[in-house]
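Structure first, commentary second.
Residue numbers (our numbering), protein chains in the order written: chain A, 8 to 313; chain B, -15 to 702.
What follows is the structure, given as structure tokens:
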């Protein structure tokens, strides 16, 4: 018969249950890596954690948007470069023809450059034309041939695009124009190409050999115009690159912000391995001590002496 | 002293020791019985005429300490009350899930915002629109699930109250029976400690259900009262009656004490602690406050999204718009100020007709054809007719109608319709724009109003059909039901032309006709919303509202948000509009350009300004009214959501801490009581040794006296 009473048993059971609960919680923290698993665990600080998680999602989502935009700017820059190259190549060809006093190859270069310009300006990203503003569907350049170019004098005949630019809001309060519209970029270029086409047609479809002085002057003027247009596209490509660079910097900033928020969330939500280990050690000791005390006291009895 | 007297004295010692050993054995046997109070033997010298007669057991008493018992009852009641609250609030907060997880309501809301962000990249993508809608649906599904969980916990609390009342009744009956048994045995001098211990154990159990005070009676037995003074057990047990109600948003009854005596006394105000008190607190205050906050959050979120969605449109624009249930009837004043613009598009999305609605002059002006459509009569019907005429004249033609509280518009032959506020002079009724108020292009919806600013002026016809009744139950400061008041749509109220002012006057009538003795209804002239403020010392609860406003099916309380069913239930039934859920293309991701000339494109497929407007709602500070546990505040939707989570966590965590503290007090009180009243094995073993020795000594005295008597007898024989 033990001297241990009900009160003592209740106290011991209560202590062991409390210690077991705490040990279970530590075990869960170690296995999940999280301090708590519900709102109760965080108490009133839940709102701080939830706000931080909202900020994190916001930051990550924006960074993801920018990364996707980088891909678009890559395609967009390439298209702009293609137009600039087409104009430059045509300009060079004209100059070479003038210096060789042989204009027979100009028509071929014109056709190739025209096709390249139309194809580049009708380029799409994710299925949407990049230079048509907010409009969806076919590309902004309505014409397909040089013959059509000759008659497409007005912007309405040449371009099919939205009134507004395509913009993206980075959440800074000032939406950014993603790209200029085809009409803004290429109207002067198409005018020059039309001028060249008309010049060639005026001479039976091609300029032969030799090239007259009048033709040379006209061609020289067109070549200079093409060079100027090419440099406009190059400038636009540079602006494209600037935005790309700005987005890159913004992405890095967002990633840094995201890291900071993750750190804050981690401080609030992640289990501290060191602290858990320390508490585990202390609680184990307490558990053993409580169990041992109970066992020792359980053996005490006056009966042995009576 | 004669030898025979010595023998008798020895015998009394034997008997007394034997009785004491019996008590010790009883104590030892009950060493592990919870609530057992050890018994003690009280001796007294036995006096007989002419001298001492040995010893007698005067009484066997329990080592009960009244003060420690009382402390223990109070602590047990506090612990049980705290345990009930902690349990229910703990389970309620679990419904929200892991705040750090990816599946919680909060994470789903974040996913929705992120999806809107991504939609800005390619607003024409059906996939991205679908993604945004799915996230919003998942978020509202979570809200609904949490709302239902809270309601089921309220129902469970109510059922547990009923179970607790039944259990308390059984305990009280048994305590009363033991009172009689103890008194009877005490009268006959029998040992009553066993009965008293059994009764004490029953009182211990009762104290967990309701905090009690126990008064010992001189003639045996106890009187049991609640701490608030209600007599539970006197000459006999009181009768408790409680009828649970398992309906959602029910008005719960009260625990009536002694209804068989015609009493209408509510026991609840006289319960200071115990599980039943904790359950009542959770059922009537904690859980409804959480449910109100959740419903308020769902409605505020939905309303904010609808505000943005109604001012934007999808590409292509929808061909039909079906508004929300406004609770309005055709004869109501239109009540708008400012302007709104409607753009009608052809199947290719080009603007074919622009209708400018000037609510101040009561005129709709069209451009193609150029015409004016007057709604100078100023009521909803006149407006619907003018709008219908204007749409009918457009190409493609359309129509508009207003019935059952719902405004509808459509354009035929593949055309589209878009609505926008005039930026310079926006339309306004009770704080909302034209399309927003009528909910014509709502993203989030419910079958009854999500907000209660209906804007109906007091002078308008109230419109509730004759025969409808609103019944309220009134309770006084002690929680007693002092009566019910029924306001019927009858007599002058049923007469044609009876106004909202008349209805409010009737509701505020003094005496049996209205609730004027207990509080006052008042109408906010800016919003039309009617609210009720009870007088100090009274609580007014809605029992039933069978009123119906015209052909809307809307009751008075649902229209004004005057019941839990109309406010809390927003956390259960608010959903993404079915029209958009089934066709995410209708998500208004673009902003129609109402300034373009007729013949130009109204909306472009890659316009992402609508999505940006929706996203901006996350970070735009708004004024939120008080919603349950959430106080009125001006903050962003993102913060409002976080605070809702914070409040749920705080409430549960506080309840848990209260439970831990109450448990510590309970354990301390019980330990102290156990030390004084409980059985100590060492004490009992020592007593056993003493009683054993005294028994042996008494036997030795008898043996010696017998031997002496033998000597005497031997002498006489010689």
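All C-beta atoms, glycine included, are put in the ideal place defined by N, C-alpha and C. Keep in mind it's a predicted model, so treat the numbers as computed, not measured.
CB contact flag (residue i, residue j, <9 Å)
{"i": "residue 135/B", "j": "residue 556/B", "result": "yes"}
{"i": "residue 133/B", "j": "residue 79/B", "result": "yes"}
{"i": "residue 134/A", "j": "residue 241/A", "result": "no"}
{"i": "residue 226/A", "j": "residue 206/A", "result": "yes"}
{"i": "residue 56/A", "j": "residue 276/A", "result": "yes"}
{"i": "residue 62/A", "j": "residue 294/A", "result": "no"}
{"i": "residue 39/A", "j": "residue 278/A", "result": "yes"}
{"i": "residue 256/B", "j": "residue 218/B", "result": "no"}
{"i": "residue 93/A", "j": "residue 71/A", "result": "no"}
{"i": "residue 703/B", "j": "residue 287/B", "result": "The question about residue 703/B has no answer here: the residues shown for chain B are numbered -15 through 702."}
{"i": "residue 581/B", "j": "residue 169/A", "result": "no"}
{"i": "residue 602/B", "j": "residue 618/B", "result": "no"}
{"i": "residue 599/B", "j": "residue 104/B", "result": "yes"}
{"i": "residue 529/B", "j": "residue 612/B", "result": "no"}
{"i": "residue 310/B", "j": "residue 433/B", "result": "yes"}
C-alpha distance - residue i paired with residue j, whole-angstrom precision
{"i": "residue 552/B", "j": "residue 272/B", "result": "8 Å"}
{"i": "residue 239/B", "j": "residue 455/B", "result": "21 Å"}
{"i": "residue 45/B", "j": "residue 686/B", "result": "29 Å"}
{"i": "residue 145/A", "j": "residue 330/B", "result": "19 Å"}
{"i": "residue 473/B", "j": "residue 536/B", "result": "16 Å"}
{"i": "residue 268/A", "j": "residue 128/A", "result": "41 Å"}
{"i": "residue 287/A", "j": "residue 300/A", "result": "20 Å"}
{"i": "residue 464/B", "j": "residue 232/B", "result": "23 Å"}
{"i": "residue 383/B", "j": "residue 534/B", "result": "23 Å"}
{"i": "residue 55/B", "j": "residue 653/B", "result": "6 Å"}
{"i": "residue 315/A", "j": "residue 37/A", "result": "Examination of residue 315/A is not possible in this model, given that chain A is present from 8 through 313 alone."}
{"i": "residue 263/A", "j": "residue 257/A", "result": "10 Å"}
Close beta carbons around residue i, own chain, < 7 Å, minus the five adjacent residues each side
{"i": "residue 93/B", "result": "123, 625"}
{"i": "residue 244/A", "result": "84, 87, 88, 91"}
{"i": "residue 498/B", "result": "469, 471, 490, 491, 492"}
{"i": "residue 363/B", "result": "314, 315, 316, 317, 318"}
{"i": "residue 201/A", "result": "156, 157"}
{"i": "residue 692/B", "result": "-13"}
{"i": "residue 196/A", "result": "94, 124, 236"}
Rounded Cβ spacing between residue i and residue j (contact assumed at less than 8 Å)
{"i": "residue 444/B", "j": "residue 317/B", "result": "6 Å"}
{"i": "residue 643/B", "j": "residue 2/B", "result": "Rounded, the Cβ-Cβ distance is 48 Å, inconsistent with contact."}
{"i": "residue 359/B", "j": "residue 346/B", "result": "5 Å"}
{"i": "residue 269/B", "j": "residue 193/B", "result": "About 19 Å; that fails the 8 Å criterion."}
{"i": "residue 54/A", "j": "residue 629/B", "result": "6 Å"}
{"i": "residue 310/A", "j": "residue 15/A", "result": "The Cβ separation is near 17 Å, so there is no contact."}
{"i": "residue 216/A", "j": "residue 109/A", "result": "4 Å"}
{"i": "residue 107/B", "j": "residue 565/B", "result": "Contact doesn't hold; Cβ gap of about 18 Å is too wide."}
{"i": "residue 324/B", "j": "residue 419/B", "result": "7 Å"}
Sequence-distant residues of its chain with Cβ nearer than 6 Å to residue i (five each side left out)
{"i": "residue 319/B", "result": "413, 439"}
{"i": "residue 559/B", "result": "124"}
{"i": "residue 327/B", "result": "335, 338, 402, 576, 578, 586"}
{"i": "residue 29/A", "result": "290"}
{"i": "residue 694/B", "result": "none"}
{"i": "residue 61/B", "result": "191, 195, 257, 258"}
{"i": "residue 380/B", "result": "395, 396, 397, 399"}
Residues near residue i in its chain [Cβ-Cβ closer than 8 Å; skip 5 each side]
{"i": "residue 561/B", "result": "426, 427, 428, 429"}
{"i": "residue 631/B", "result": "274, 277, 613, 614"}
Using 8 Å as the Cβ pair cut-off and three pairs as the minimum, do the stretch 284 to 295 of chain B and the stretch 424 to 433 of chain B touch? yes
Within 8 Å, do at least three Cβ pairs link the stretch 276 to 287 of chain B to the stretch 339 to 357 of chain B? no
Within the chosen definition, does the stretch 49 to 56 of chain B reach the stretch 656 to 663 of chain B through at least 3 CB pairs nearer than 8 Å? yes
Counting Cβ pairs, one atom from each stretch, are 3 or more of them under 8 Å apart for the stretch 174 to 189 of chain A and the stretch 153 to 163 of chain A? no
I'd like to know if the stretch 17 to 36 of chain B and the stretch 162 to 181 of chain B are in contact, where contact means that at least 3 CB-CB pairs between them fall below 8 Å. yes
Within 8 Å, do at least three Cβ pairs link the stretch 189 to 206 of chain B to the stretch 508 to 519 of chain B? no
Check whether the stretch 157 to 175 of chain B and the stretch 203 to 211 of chain B touch, using three or more Cβ-Cβ pairs below 8 Å as the test. yes
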